[in-house]
Amino acid sequence: MTFNKKSLQLLLLPFCLLAAAACHDNKAADPADTTEAKTDSAKETSLSNPLVTAIYTADPSAHVFDNKIWIYPSHDIESGIPENDNGDHFAMRDYHIFSMDSIGGPVTDHGVGIDIKNIPWAGRQLWAPDAAFEGGTYYLYFPVKDKKDVFHIGVATSTSPAGPFKAEPTPIAGSYSIDPAVFKDADGSYYMYFGGIWGGQLQRWRSGKYDSTVAPSGASGNEPALSCKVVKLSKDMKHFDGPVKDAQVVDKDGKPLAASDNNRRFFEGSWMHKWNGKYYFTYSTGDTHYLVYATGSSPYGPFTYQGVIMNPVKGWTTHHSIVEFKAKWYIFYHDVELSGKTWLRNIKVTELTHNPDGSIATIDPYKKND
Ligand code: FUB
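Read in order, the letters of the sequence shown correspond to residues 661 to 1030 in this note's numbering.
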């Protein structure tokens, strides 16, 4: 990921000043109530309001545990580190965990689920996490740079979805890069999707060994784009079980998407859900800011590119999760409505529609006012 969108910040500055007061009042907004979500001098209205306003949150991974929605987001902070293309200023240090009994109802902040100081191998930058529940234990999966500044994925456990989570002493063996997303298939098997190019370092593992000299996109021109990774998880949920494979995205002719196909190729922030027996692999296109989907008949892919699920949000990054709750489907996502700064984001939710033909209706996160 990269984040030099100074012009966007300037554009949003008047709105940010107005929003600054709202950042501290600890009230959860009603996502269905759009009356207060005016942006850009009332020319546009946000489709949904920030779910959390007391702190900055991003990268929401949502799950239904025990009949509630539990959200595991990143906790954005003002680190004071200058913005750069590696995303060094995204120097997050802990995770807050949230729950909701209903969509549109109050959002409860359960406080810090784990702090970087309690992860023995961590150096810096706690990025987008995910969670799973299996056999009475809750698992939190998180990417963080180790003390040599290399991203790996760790796992921590708890008896409660709210934590506190206790980290394993070392990263998951064989893990690298960022953005773990854990999916449970109908037969009870778990798979982890992970990876992100540019600041997410996926390209540095292209040869199988870490190489910090590889260019940020890892491939160029007509070469196949780098793929997100997919791997089966072991029964104890703490190890990889089998080889790490490419979750390849292909076009309608079965041809891998090219590295230069920035509007469609994988960048970061993957998710998996199953609908009507089909696997829906969704992800961010990063520098072109789309959330897109590709479908397949196996959790390993290949996945055929289908289209856009959400048009670009305000901010640079776009990251989501998709969950079914009470017979409706929802997409959790983020933008920068509260701050106008690319590194101080706020999570949101809106409904997602699967059309009868299996396509997903494209969501526009803002509506133009007349
Ligand atoms: O929050 C840090 C990073 O920004 C995430 O890991 C990426 O997916 C992007 O949202």
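The beta-carbon is built from N, C-alpha and C at its ideal position, and this holds for glycine as well.
- By the beta-carbon neighbour count (other beta carbons within 10 angstroms, threshold 16), D1030 is exposed.
- Fully contained in the region 957–1018 are the following beta strand (DSSP E) runs of length 3 or more, in chain order: 963–970, 981–985, 988–995, 1006–1012.
- No heavy atom of the ligand FUB is found nearer than 7 Å to the CB of E738.
- A distance of 8 Å or more separates the beta carbons of T948 and S708.
- With fewer than three CB-CB distances shorter than 8 Å, the region 812–825 does not count as touching the region 738–754.
- Across the structure, G868 and L786 are spaced so that their CA atoms are roughly 24 Å apart.
- A straight-line Cα-Cα distance of about 19 Å links K1028 and V968.
- In the assembly as shown, A987 is an exposed residue. Its beta-carbon has fewer than 16 other beta-carbons within 10 Å.
- Put simply, the residues with a CB less than 6 Å from any heavy atom of the ligand FUB are M661, A718, D719, S734, F750, W787, A788, I838, D839, G856, E928, G929, T977, H979, in chain order.
- A direct Cα-to-Cα measurement between I838 and G764 gives close to 30 Å.
- Measuring C-alpha to C-alpha distances from V772 to each of A833, P733, D806 identifies P733 as the nearest.
- By the C-beta density criterion, S999 is buried, having at least 16 other C-beta atoms within 10 angstroms.
- The residues I729, V767, in chain order, have a CB closer than 6 Å to that of M760 in the same chain once the five nearest residues on each side in sequence are set aside.
- R864 carries a helical assignment under DSSP once its states are collapsed to helix, strand and coil.
- Spatial neighbours of P1025 in its own chain (CB-CB distance under 7 Å, excluding positions within 5 residues in sequence) are listed in chain order as S706, L707, M970, N971, V973, D995.
- With contacts defined as CB atoms closer than 8 Å, A722 and S981 qualify as a contacting pair.
- Contact check between the region 851–864 and the region 887–898: three or more CB pairs, one atom from each, fall below 8 Å, which counts as touching.
- Residues of the same chain with a CB within less than 6 Å of the CB of Y960, apart from the 5 flanking positions on each side, are V890, K905 in chain order.
- Cβ atoms of Y716 and L1004 come within 8 Å of each other, at about 4 Å.
- DSSP places E704 inside the beta strand (DSSP E), whose first and last residues are 704–706.
- DSSP, reduced to helix, strand and coil, places T948 within a helical segment of the structure shown.
- Within the same chain, Cβ atoms closer than 7 Å to the Cβ of E738 are found at L1004, the five residues on either side in sequence being excluded.
- In this structure, DSSP gives K777 a helical state, which the three-state scheme calls helix.
- Excluding its 5 nearest sequence neighbours in each direction, R784 has C-beta neighbours in its own chain below 8 Å: A751, I776, V804, K805, D809, listed in chain order.
- Residue environment for K807: exposed (fewer than 16 other C-beta atoms within 10 angstroms of its C-beta).
- Inclusion of P916 and V910 in the CB contact set at 8 Å is warranted, their separation being smaller than that value.
- Here the alpha carbon of Q861 sits roughly 7 Å from the alpha carbon of P876.
- Under the three-state reduction of DSSP output, G929 falls in the strand class.
- The residues D790, Y801, I813, M852, F854, in chain order, have a CB closer than 6 Å to that of P840 in the same chain once the five nearest residues on each side in sequence are set aside.
- Per DSSP, F750 lies in no beta strand (DSSP E) and is assigned neither H nor E.
- Burial of D736 is indicated by the presence of at least 16 other C-beta atoms within 10 angstroms of its C-beta.
- Counting only the Cα atoms, E704 lies some 32 Å from W935.
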